[in-house]
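Residue numbers (UniProt numbering): 1 to 570.
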């Protein structure tokens, strides 16, 4: 066993351990072991991410001040000691405009107080040429050995980004302009220009390791004939072939046209396609030699398959009798194929050529079972548990509010609500005798509220009676029953005003929290389904309770990550 002193001077060992620990656990270690304080801080602060939605929360930042990011940087970050630990800096969308926030972030880099090895940014409306040129000048001053850029952007950025430093590039495909949205030459002309722009950028990103093409929205008016300019295709294909360092290639939607298949760079080890695959695309894919390919993911949903009919070419939607028959790729170790309307012999062809695919094949075969489990969990959560748990949470938080306790934080509520769902799921699934617990809890709250109201009523009566008795003792005129009743009601309203507001605030807090929880639960379904498929393929049994527990735990962990990176702030 290494001593803590030895670990403190060899932080690389600790880094490998910290990969498996939550940030909260690392903080706890830093606070309880002085010798390991610096290595712990180094691990905690090696990533700094900011978003345009909300400033990141760090030490000394008080959310109630509602400061903008430039003020936070000036007050709390400029002289912060943790800046020297940062290795990965995610700027987000701040460089889309020449704003005070963009200037403040760039000053942290230019001053040398922060020297990250990697910077990530999203540039989808480059109206901030000054900010981008400042970043370009900074990146040119850094060595290629210890500095790189992750870039998410549209195409025309060659003059304002230091492309040789870009190692991760995600291109958000531009939409065709209005003049090019009809079939024929205008559409093909636009495709040709887009291909030339992309080829020019690829030729300058000589150190690219990860490439991603994202076509987020598909319009039925984008149809057209197959791209009929082979010299442009050759130019684009040659640009990809010259990329010597790319190991990961991700295509979302389609690449300029569903019939166009671009062979990934020769060193590609991981290929993922989520989108529209025509019959011509499948034929080209089957004959594509990718000697280094280890991981393959192919996905096409029913909606994407239906869009193929809008492209005016008979071979776009694959024929029902179409078969691949054979596939060239023979080095795969992992494959996931969930393709609606694709070749029915796809997995058979992959398995014949790739003997190491058995587990991945099992995952594909188990995917329908995983989908069924996900569907059962969704029905159980939304149709049985959600309303019941929301009522229970409202009752609990209302009672806390009426007792004078302040609402807990959003993250605490999310964790508590997940535990509440788990307990109710056990009761519902196992038909335990506590099924009437919610009714009993509601009755208990009703009785408690009745007692609270009774107490306020007695207090108002006593206060009113005491006030009128003092009037009588001082020799003032008496009072009528109507006057006594009106004053008593007025005092009762005053006493009940704050509890009523507290109860209303508690209900709103719970309602908003449950809505956010439900959205996050729903959004994680594709990821959780893959997790279920992987566990089933490994021989693990997953019942409905275990599946729901995995899902709820993922929701809580996602929220913790949101707060960690500052996407959400209490």
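Cβ coordinates follow ideal geometry from the N, Cα and C atoms, glycine included. The structure displayed is predicted, hence computed values, not measured ones.
Excluding the 5 residues flanking it on each side, residue 203 has same chain C-beta neighbours closer than 6 Å at 239, in chain order. Nearest neighbour of residue 246 by Cα position, chosen from 275, 268, 542, turns out to be 268. When 107, 135, 137, 96 are compared, the shortest CA-CA separation from residue 124 is found for 96. Of the candidates 47, 390, 89, 199, 390 places its Cα closest to the Cα of residue 512. DSSP places residue 334 in the uninterrupted beta strand (DSSP E) bounded by 334 to 339. Counting along the chain, residue 525 sits inside no beta strand (DSSP E); it lies in the alpha helix (DSSP H) bounded by residues 525 to 537. Non-local beta-carbon contacts of residue 299 in its own chain, meaning distances under 6 Å to residues more than five positions away in sequence, involve 274, 338 in chain order. For residue 299, the enclosing beta strand (DSSP E) has its first and last residue at 295 to 300. Residue 28 is classed as exposed because its beta carbon has fewer than 16 other beta carbons within 10 Å across all chains shown.
The C-alpha of residue 561 lies about 14 Å from the C-alpha of residue 26.
In the three-state scheme derived from DSSP, where H, G and I count as helix and E and B as strand, residue 325 is classed as coil. Within 10 angstroms of the beta-carbon of residue 133 lie fewer than 16 other beta-carbons, which makes it exposed. Judged by pairs of C-beta atoms under 8 Å, the segment 414 to 421 touches the segment 509 to 523, as three or more such pairs exist.
Within the same chain, Cβ atoms closer than 7 Å to the Cβ of residue 85 are found at 41, 42, 45, 46, the five residues on either side in sequence being excluded. The three-state secondary structure of residue 93, taken from DSSP, is coil. Taking C-alpha positions only, residue 537 is separated from residue 366 by approximately 6 Å.
Of the candidates 153, 243, 277, 294, the residue whose Cα lies closest to the Cα of residue 253 is 277.
In the DSSP assignment, residue 212 forms a beta bridge with 170, 250.
Ranked by Cα distance from residue 272, the first of 213, 553, 321, 232 is 213. The beta carbon of residue 357 lies closer than 8 Å to those of 332, 333, 334, 335, 350, 351 in the same chain, with the five residues before and after it left out. Rounded to whole angstroms, the separation of the alpha carbons of residue 69 and residue 31 is 28 Å. Inter-residue distance for residue 242 and residue 199 is about 10 Å (C-alpha atoms, whole angstroms). For residue 542, the three-state secondary structure derived from DSSP is coil. Around the beta-carbon of residue 370, 16 or more other beta-carbon atoms lie within 10 Å, marking it buried. Excluding its 5 nearest sequence neighbours in each direction, residue 250 has C-beta neighbours in its own chain below 6 Å: 212, 272, listed in chain order. About 7 Å separates the CB atoms of residue 286 and residue 328; that is less than 8 Å, so the two are in contact.
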